[in-house]
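Enquirer: Chains G and B, in that order, are what the protein sequence lines are.
According to my numbering, the first sequence holds residues 1 to 148 in order.
According to my numbering, the second sequence holds residues 1001 to 1756 in order.
Can you keep this structure in mind? I'll have questions shortly.
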Amino acid sequence: MTNTKQFCTFFVNGLFFGVEVLKVQEVIRYQGMTRVPLAPATIQGLINLRGQIVTAIDLRRRLELPPRDDEQLPMNVVVRSDDGAVSLLVDEIGDVVEIQDDIYEHPPETLKGVARELVQGVYKLKERLLLILDTEKTVTLGNAGNRT
Amino acid sequence: MNDNLQQQLIKDLLIESFEGLDNFDREMLALEKGEGNAETLNIVFRIIHTIKGSSGCIGLNKIESVAHVGESLLSLLRDGKLAFNPAMISALLEYSDALKEMFRSLEQTGQQGGADYSALLQKLQSLQTGNPVETKPAATYGLFEEEPAAPLAPQPSPTVVPEPLPARVPHIEKVNAPEKAAAEKEVAARPATSVSDTAIRVDVGQLDKLMNLVGELVLARNQIVQFTAQAQEPTLLNAAQRINTITTELQESVMKTRMQPIGNVWAKFPRIVHDMAQDLGKQVELVMEGKETDLDRTIIEAIKDPLTHLIRNAVDHGIETPETRRAAGKPDRGTLTLRAYHEGGQVNIEILDNGRGINIPKVKEKAVQRSLVTPDQAAVMSDREVFNLIFLPGFSTAEKVTNVSGRGVGMDVVKTNIEKIGGSVDVLSEAGQGTTLKIKIPLTLAIIPALIVTSGAERFAIPQVSLLELVRLEAEQARKGIEMLYGAPIYRLRGQLLPLAYLNRELKLESPATTSASVPANDAVVNIVVLQADGRQFGMVVDEINDTEEIVVKPLGKQLKSITCFAGATIMGDGKVALILDVMGLAQHANVIAEVRDRAVTGKAKAAEKVDERQTLLLFNAGQNARMAIPLSMVARLEEFPRSQVEHSGNQEVVQYRGQILPLIQIANYLPNASATPMQADPVQVVVYSEAGRSVGLVVGKINDIVHEVLTVKRNSSRDGILGSAVVQDKVTDLLDVIGIIHAADPTFYEETRKI
Chain G
1 MTNTKQFCTF FVNGLFFGVE VLKVQEVIRY QGMTRVPLAP ATIQGLINLR
51 GQIVTAIDLR RRLELPPRDD EQLPMNVVVR SDDGAVSLLV DEIGDVVEIQ
101 DDIYEHPPET LKGVARELVQ GVYKLKERLL LILDTEKTVT LGNAGNRT
Chain B
1001 MNDNLQQQLI KDLLIESFEG LDNFDREMLA LEKGEGNAET LNIVFRIIHT
1051 IKGSSGCIGL NKIESVAHVG ESLLSLLRDG KLAFNPAMIS ALLEYSDALK
1101 EMFRSLEQTG QQGGADYSAL LQKLQSLQTG NPVETKPAAT YGLFEEEPAA
1151 PLAPQPSPTV VPEPLPARVP HIEKVNAPEK AAAEKEVAAR PATSVSDTAI
1201 RVDVGQLDKL MNLVGELVLA RNQIVQFTAQ AQEPTLLNAA QRINTITTEL
1251 QESVMKTRMQ PIGNVWAKFP RIVHDMAQDL GKQVELVMEG KETDLDRTII
1301 EAIKDPLTHL IRNAVDHGIE TPETRRAAGK PDRGTLTLRA YHEGGQVNIE
1351 ILDNGRGINI PKVKEKAVQR SLVTPDQAAV MSDREVFNLI FLPGFSTAEK
1401 VTNVSGRGVG MDVVKTNIEK IGGSVDVLSE AGQGTTLKIK IPLTLAIIPA
1451 LIVTSGAERF AIPQVSLLEL VRLEAEQARK GIEMLYGAPI YRLRGQLLPL
1501 AYLNRELKLE SPATTSASVP ANDAVVNIVV LQADGRQFGM VVDEINDTEE
1551 IVVKPLGKQL KSITCFAGAT IMGDGKVALI LDVMGLAQHA NVIAEVRDRA
1601 VTGKAKAAEK VDERQTLLLF NAGQNARMAI PLSMVARLEE FPRSQVEHSG
1651 NQEVVQYRGQ ILPLIQIANY LPNASATPMQ ADPVQVVVYS EAGRSVGLVV
1701 GKINDIVHEV LTVKRNSSRD GILGSAVVQD KVTDLLDVIG IIHAADPTFY
1751 EETRKI
């Protein structure tokens, strides 16, 4: 018998990503944001989540993907991190899926760049690959945090 | 140790111990079922170890000695030196009951209980040696049995003497009157309510969350109240009213849960003082007043170190050795007083010692020696300025470096730390009489007053503590007023150069007004927020100045910690997030501080001179066109009284003022050529002057302005009531001889104050 895990899934630039359901606090629609001057470009701004101030990270920028069209409003996937809640801005929300462990594999060696660092593993689903994000690493911006 | 503290400690101990012993029983039963492991033994050992340690600390010797026996047994078990056997479980459970019984007795009577546990202790001891004593069959069910009232073994035990405690532990602290009767009935039925039933431990994170939610509720409430103000529906209005009051009350209650008495920080001071006094061969009595003064826990943390430093300083530098004190005619024992109290939304903490006081000539000498000031400056400094020298970095008067003070770091750090949390420090000292340090700190860091400004279409909050003043320059003034010095914009603020920084440029915001030109566009109004960072001033140009508001400070995520320009964020009334500027960080970012600092090294002399020459003056009219000034330092308050409030006592005009009778002096009567007729204006403008607890009111014509200027008396005067004339704001202004006039009006005023 194999174990199963639940993932909250979403799309960023056509890629299919997943984050363990237990790490997701909530998913909310696009919200007005206060931008933070001098902050790295990956930080889109601050949102007010019921009195809590949450930093919103643009996943496209974080994953070094091309920017989103202006008319397309991102969604917030609010994840829990060691440092409190952080919102990941994604293009579109997918379903919560339950997947068996036996189709899991480490990211292929050919995966390059920042994705290699942030993608924890890959689930080989029938129709497509589900990339599992390491949320803790994703919300930690290293020195490489490209300044505006 | 004082009773209150002792009671608090006992209360804490009780809560902790009841909780611990319940755990202990649970773990023991787990062991009995064979579910335990090495970690279980570790846990039970730690529980008992803590109980033993804490009871010993507050002088509960009996509990300590009973706890000790079990601890030894558990320690052997934990270290694997003794094999665990079921007989031990019942003995240890019995032991746990014995401890509980003692704590219950402590809670109800303030005594550790008179029961004798020697049999139990003996059993535990024999278990340690590995030869179990013969146990009575009943003892194995000890858990459910009453403790034997009489000792099984008749030998006397050193542990049975009940220790009287300084005070009885109040198990119910606050009971409302109607509840009291019921409570008493209940108490009669049940032995007592345990403290562990009336107090619970709460995670601080939980409290912060509550605080957040209440903050949100306040915003929602504000919107509802605003909306319903227009609605004419009485039911809705009523409900809104109720929500309003409940929210306010809720906010206050939640705030209170985060408060802690300052006594928590002070608790370790008696020991510090005692140890230091012993080391230094001094006798010091520590008096603490206002221990129950509540402060936010974040502030408690922040003031811990500065306060410790100040206490050490007072004992080391302030209080003299018994011999010196005797020679000065003072009692051998020096007194160090700590006092805390609330005042006007702030907490005041005073540290008073009756030691030698600050030696002014020595401080000056040291300051000159370390080139902090020049000898000329030192010569003309006021006492107050001299006291403030001790806060300069690199200053210490201690002759030798001791392990407690004298390394030249300290007071400046204390000052910086206190200012960091929005507080201030002030020193007062009298040679030979002692020194007083006054610290003022805000009640809470979570909510601070702030100025909201707009720049580049974004709102920012500036903490009020760093704000000095606001300057608005109209288009014409702006063009002329702002000068460029090698590309650096500078504004002359009352003759002093004020380096400027443009907030939108520093933060790389687009702003329509100033994007292109380095000089503001011609028609633009310039708003300058004059800020202070690290004792230096600079001007921040913003697009718009909105309002002052009380804001709730919230931390930024770790992703943004590296941006030093922001101290946090807050949520505005409309629910949007605004960033809080960190003035110090911003100043460094804009390079307005570093530049000044270079100047400060060479220019310290100039700064000090300026302090001496510049005076803050109150400008007013006395009758017809007589333009007069008095130093603001002589003004206690400015008041306005309706003419109808002026009464007569004899031929003296008086008003009732703060529960006292304030005599009024028509200054016009004491001025030459009576150009001024007594002022009959309504309301009456009064400058209140106070000296040694007595006050008089000087009736003036019209208060014009308060200016900060270099005062050069151009012409000395022989006219009565006038000290001289000076040019203030390009106009000739007479300086009023306040003391002379009061003396003329009431020759006894100064004599009586002297008597007092």
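Heads up, the beta-carbon is just placed ideally off N, CA and C, and yes, glycines get one too.
Could you please tell me which residues of the stretch 1204-1234 of chain B, in chain order, have their CB closer than 9 Å to any CB of chain G?
Expert: Flagged, chain order: Lys1209, Met1211, Asn1212, Leu1213, Val1214, Gly1215, Glu1216, Leu1217, Leu1219.
Enquirer: Does DSSP classify Pro1463(B) as helix, strand or coil?
Expert: Correct three-state label for Pro1463(B): strand.
Enquirer: Using a beta-carbon distance below 9 Å, is Phe7(G) in contact with chain B?
Expert: No, its Cβ sits nowhere closer than 9 Å to a Cβ of chain B.
Enquirer: Sort Ala1327(B), Ile1224(B), Val1214(B), Leu1638(B) by Cα distance to Glu1252(B) and report the nearest one.
Expert: Closest option to Glu1252(B), Cα to Cα, is Val1214(B).
Enquirer: Of all the CB atoms in chain B, is at least one closer than 9 Å to the CB of Thr135(G)?
Expert: No - not a single Cβ of chain B is within 9 Å of the one on Thr135(G).
Enquirer: To which residues of the same chain is Leu1013(B) closer than 6 Å at the C-beta, ignoring the five residues directly before and after it?
Expert: Taken in chain order, the residues that qualify are Ser1054.
Enquirer: Taking only beta-carbon atoms, is Tyr1141(B) less than 9 Å away from chain G?
Expert: Caution is warranted here: a pLDDT of 40 is assigned to Tyr1141(B), below 50, making its placement in the model unreliable, and no coordinate value can be reported.
Enquirer: Select from the stretch 1558-1574 of chain B all residues with a C-beta closer than 7 Å to any C-beta belonging to chain G, and list them in chain order.
Expert: If the cut-off is 7 Å between Cβ atoms, the stretch 1558-1574 of chain B has Lys1558, Gln1559, Leu1560, Ile1563, Cys1565, Ala1569, Ile1571 near chain G.
Enquirer: Going by DSSP, what residues sit across from Tyr1117(B) in a beta bridge?
Expert: Answer by DSSP bridge pairing: none, since Tyr1117(B) is not bridged.
Enquirer: Within 10 Å of its beta-carbon, does Gln1559(B) have 16 or more other beta-carbons around it, so buried, or fewer, so exposed?
Expert: Result: buried.
Enquirer: Identify each residue in the stretch 1572-1592 of chain B for which the Cβ-Cβ distance to at least one residue of chain G is less than 7 Å, and report them in chain order.
Expert: Going along the stretch 1572-1592 of chain B in chain order, one finds Gly1575, Lys1576, Val1577, Ala1578, Leu1579 with a Cβ nearer than 7 Å to chain G.
Enquirer: Below 9 Å between beta carbons: does that hold for Val1707(B) and Leu1698(B)?
Expert: No, these two residues do not count as a Cβ contact at 9 Å.
Enquirer: On the three-state DSSP scale, how would you describe Val33(G)?
Expert: Contrary to the premise, residue 33(G) reads as Met rather than Val in this sequence. Coil.
Enquirer: What does Leu1250(B) reach in chain G if we use C-beta pairs closer than 8 Å?
Expert: Going along chain G, no residue has its Cβ under 8 Å from Leu1250(B), so there is no contact; the nearest lies around 14 Å.
Enquirer: Applying the criterion that 16 or more other CB atoms from any shown protein chain within 10 Å of the CB defines a buried residue, is Ser1112(B) buried or exposed?
Expert: Inspection of the sequence shows that residue 1112(B) is occupied by Gln rather than by Ser. Per the 10 Å Cβ criterion, buried.
Enquirer: Ends of the alpha helix (DSSP H) at Ser1105(B)?
Expert: From DSSP, the alpha helix (DSSP H) with Ser1105(B) extends over 1086-1109.
Enquirer: By how many angstroms is the C-alpha of Ile1015(B) removed from the C-alpha of Ser1065(B)?
Expert: In a straight line, the C-alpha of Ser1065(B) is about 20 Å away from that of Ile1015(B).
Enquirer: I'd like to check one pair, Ala1622(B) with Glu1506(B): are the Cβ atoms closer than 9 Å?
Expert: No.
Enquirer: Give the DSSP bridge partners of Asp1547(B), in chain order.
Expert: Per DSSP, Ile1452(B).
Enquirer: For Gly78(G), collect the residues of the same chain with a Cβ closer than 6 Å to its Cβ; drop the 5 residues on either side in sequence, then sort them by chain order.
Expert: Sequence check: residue 78(G) is Val here, not Gly. Closer than 6 Å at Cβ, skipping near neighbours: Gln25, Glu26, Ala85, Ser87.
Enquirer: Residues in the same chain with beta-carbon distance under 7 Å from Asp1383(B), minus the five sequence neighbours each way, listed in chain order, please.
Expert: Contacts found: Ile1360.
Enquirer: Using only alpha-carbon positions, find the residue among Met1411(B), Ala1626(B), Phe1641(B), Leu1307(B) that is nearest to Ala1668(B).
Expert: The candidate whose alpha carbon is nearest that of Ala1668(B) is Ala1626(B).
Enquirer: Roughly how many angstroms lie between the CA atoms of Ile1243(B) and Arg1221(B), to the nearest whole one?
Expert: Roughly 7 Å separates the two Cα atoms.
Enquirer: At a CB distance below 9 Å, what residues from the stretch 24-48 of chain G approach chain B? Give them in sequence order.
Expert: Per Cβ criterion, the list reads Gly32, Met33, Thr34, Arg35, Val36, Pro37, Leu38, Ala39, Pro40, Thr42, Ile43, Gly45, Leu46, Ile47, Asn48.
Enquirer: Look at Pro1393(B) and Thr1548(B) and say whether their C-beta atoms are less than 9 Å apart.
Expert: Going by C-beta atoms, Pro1393(B) is not nearer than 9 Å to Thr1548(B).
Enquirer: Flag Glu1458(B) as yes if its beta-carbon sits less than 9 Å from any beta-carbon of chain G, otherwise no.
Expert: Glu1458(B) counts as touching chain G.
Enquirer: Can you tell me which of Asp101(G), Leu111(G), Thr110(G), Pro66(G) puts its alpha carbon nearest to the alpha carbon of Gly14(G)?
Expert: Of the candidates Asp101(G), Leu111(G), Thr110(G), Pro66(G), the one whose C-alpha sits nearest the C-alpha of Gly14(G) is Pro66(G).
Enquirer: I need the straight-line Cα distance from Asn1264(B) to Glu1476(B), nearest angstrom please.
Expert: Their Cα atoms are separated by approximately 57 Å.
Enquirer: Quick one: is Lys1330(B) near chain G, going by C-beta distance under 9 Å?
Expert: Answer no: the Cβ-Cβ gap between Lys1330(B) and chain G never drops below 9 Å.
Enquirer: In this structure, does DSSP put Gly1334(B) in helix, strand or coil?
Expert: Three-state DSSP puts Gly1334(B) in a strand.
Enquirer: Return the residues of the stretch 1293-1308 of chain B that lie within a Cβ-Cβ distance of less than 7 Å from chain G, sorted by chain order.
Expert: The residues in question: there are none.
Enquirer: In the DSSP assignment, find the alpha helix (DSSP H) that holds Ile1246(B) and state where it starts and stops.
Expert: Its alpha helix (DSSP H) spans residues 1234-1257.
Enquirer: Whose Cβ in chain G lies nearer than 8 Å to the Cβ of Leu1507(B)?
Expert: What Leu1507(B) touches in chain G: Pro37, Leu38.
Enquirer: Straight-line CA distance for Leu1236(B) to Thr1228(B)?
Expert: Roughly 7 Å between the two C-alpha positions.
Enquirer: Taking the alpha carbon of His1743(B) as the point to measure from, which residue in Leu1099(B), Val1273(B), Glu1691(B) has its own alpha carbon closest?
Expert: Among Leu1099(B), Val1273(B), Glu1691(B), the Cα nearest to that of His1743(B) is on Glu1691(B).
Enquirer: What three-state label does DSSP hand Lys1508(B) in the structure shown?
Expert: Here Lys1508(B) sits in coil by DSSP.
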